[in-house]
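For what it's worth, the working numbering labels the leading residue of the sequence shown as 11, then goes sequentially. Backbone N, C-alpha and C fix where the C-beta goes; we use that ideal spot for every residue, glycine too.
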Amino acid sequence: MENKGENILLDIENLKVIYKTDLETVEAVNDVSLAVRRGRTLGLVGETGAGKTTTALSILRLLPSTTGRILSGKIEFNGEDLLKIDENMMRVIRGNRIAMVFQDPMTSLNPVMTVGDQIAEAIELHNGKMPKEEIDRRVENILQMVGIIPQRRFEYPHQFSGGMKQRVVIAIALSCEPELLIADEPTTALDVTIQAQVLNMIKELRDRLGTAMLLITHDLGIVAQICDDVAVMYAGEVIESGSVEDVFTGDARHPYTAGLFNSLPDLHSQAKRLKPIPGLMPDPSNLPPGCVFAPRCESRMDACEAHRPKTVQRGSHRLRCHLFGAGQAPAVGGQGR
Ligand code: SF4
């Protein structure tokens, strides 16, 4: 990953988010820093509950209003801190300049409106008084772009398969040509073969439109396929980040990331069994005082349980682990960029 200031579109620094109820306080995102470069794709990887979606919802300021709270940090988009602008400005940015695609297309589509009308509505909403002919032309173009014949604009969501529905959702998200697309597990709900088609389509569109993307996934295979950079989240923290090359083939690897790789099937290996990471992610309402991965880590040392590791930088590669501490590489504040 490039250093700060070099073509960074989205720059998150030391973000801390909690969910607070009468019963408990959940530390969902802890001191997270990451950056998305213009026109590039950052894969945000981790297990369910690692804080990936909370990070995405914080960018759009869409956390549940009764429980979610951003305690500190900044989220700069094109140099402007999204946490400091008013709700009217934020509404302009949402959908127009930053769009989001969710896992389940049915939660995003209106079942009683034709898909063409839904795309037209998104275009109208973000473009004021555009002539009807121009809107119609754009609806047809965007449908073609996501591989749907324009005549299907008069059909309803239930007439489309899961993969086609997700194409429609992506069409709506891209209809306003956002600078940043946040895609939260966009293919998880789809069959494997359809997943590949939709991923290829996302990749092509990104290349054609030059849209930057934050791709949330638990699948390292998807990261290898379409991401430029990757940040690995665990228990609310970014524990490793860098270019895909740094993280996939570099000489240093965080024990958690190593565990993720070991739990992948390897077609070339003779091993008959996968090696899952033993144990569970810690309770986010009761995080351990030291390294959050310590209870599951095979490389655990005494210091790990007592002290939270600082992020260490090796070129563009960042690791948050005592194995890569003082004496081996310079420690830096924050993490994940
Ligand atoms: Fe394992 Fe210690 Fe590194 Fe945490 S800091 S990942 S416990 S070696």
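Taking 8 Å as the cut-off, decide whether the C-beta atoms of VAL125 and ARG71 are in contact.
On the sequence shown, position 115 is the one that residue 125 refers to. On the sequence shown, position 61 is the one that residue 71 refers to. For VAL125 and ARG71, no; Cβs fall outside 8 Å.
MET243 (DSSP reduced to helix, strand or coil):
For the purposes of this step, residue 243 is taken as the residue at position 233 of the sequence shown. Three-state DSSP puts MET243 in a strand.
Output the residues surrounding the ligand SF4, defined as those with a CB atom closer than 5 Å to any ligand heavy atom, in chain order.
PRO265, CYS301, PHE303, ALA304, CYS307, SER309, ARG310, CYS314, PRO319, CYS331, HIS332, LEU333
Comparing alpha-carbon positions, which option in GLY325, LEU54, ALA183 lies nearest ILE226?
Walking along the sequence shown from the start, residue 226 turns up at place 216. The candidate whose alpha carbon is nearest that of ILE226 is LEU54.
Got a sec? Which residues, its chain only, sit under 8 Å from VAL242 by beta carbon, not counting five neighbours each side?
Position 232 of the sequence shown holds residue 242. Result list for VAL242: VAL55, GLY56, VAL248, ILE249, GLU250, SER251, VAL257, HIS264, TYR266, THR267, LEU270, in chain order.
Any idea if ARG218 is buried or exposed, counting beta-carbon neighbours within 10 angstroms, 16 or more meaning buried?
Working through the sequence shown from its first residue, we reach residue 218 at position 208. With fewer than 16 Cβ atoms within 10 Å of its Cβ, ARG218 is classed as exposed.
Run the CB neighbour count on ALA201, radius 10 Å, all protein chains shown included, and call it buried at 16 or more, exposed below.
Your numbering for residue 201 matches position 191 in the sequence shown. According to the sequence as given, residue 201 is Asp; it is not Ala. Exposed, because fewer than 16 other Cβ atoms sit within 10 Å of the Cβ of ASP201.
Starting from the C-beta of GLU23, find all residues in its chain whose C-beta is less than 7 Å away, skip the five residues before and the five after it, and write them out in chain order.
The count along the sequence shown starts at 1 and reaches residue 23 at position 13. Excluding residues within five positions, the ones whose Cβ falls inside 7 Å are SER43, GLY83, LYS84, GLY344.
First through last residue of the alpha helix (DSSP H) which encompasses SER185
Within the sequence shown, numbered from 1, the residue matching residue 185 stands at position 175. No alpha helix (DSSP H) holds SER185; DSSP gives it neither H nor E.
In terms of residues, what are the limits of the beta strand (DSSP E) holding ASP256?
The residue you call residue 256 lines up with position 246 of the sequence shown. No beta strand (DSSP E) contains ASP256, which is instead part of the alpha helix (DSSP H) from 254-259.
One question on the structure: do PRO196 and VAL178 come within less than 8 Å of each other, judged by their Cβ atoms?
Here residue 196 corresponds to residue number 186 of the sequence shown, with the count starting at 1. Here residue 178 corresponds to residue number 168 of the sequence shown, with the count starting at 1. No, the pair does not count as a contact, with Cβ atoms beyond the cut-off.
Could you spell out the range, first to last residue, of the alpha helix (DSSP H) harbouring VAL149?
Taking the sequence shown and counting its residues from 1, one reaches residue 149 at position 139. Note, VAL149: alpha helix (DSSP H), 142-155.
Is it buried or exposed for ALA109, if we count other Cβ within 10 angstroms and need 16 for buried?
On the sequence shown, residue 109 is found 99 positions in, with the first residue counted as 1. Counting Cβ neighbours within 10 Å, ALA109 comes out buried, since at least 16 surround it.
My assumption, with CB atoms under 8 Å, is that HIS168 sits in contact with PRO115. Please give the rounded CB distance.
Sequence index remark: in the sequence shown, residue 168 carries index 158 (1-based). Sequence index remark: in the sequence shown, residue 115 carries index 105 (1-based). Actually they are not in contact, since the Cβ atoms of HIS168 and PRO115 sit about 12 Å apart, beyond 8 Å.
How big is the Cα-Cα spacing for ASN17 and LEU190?
Along the sequence shown, read from residue 1 onward, the residue named residue 17 stands at position 7. Along the sequence shown, read from residue 1 onward, the residue named residue 190 stands at position 180. When rounded, the distance between both Cα atoms is 13 Å.
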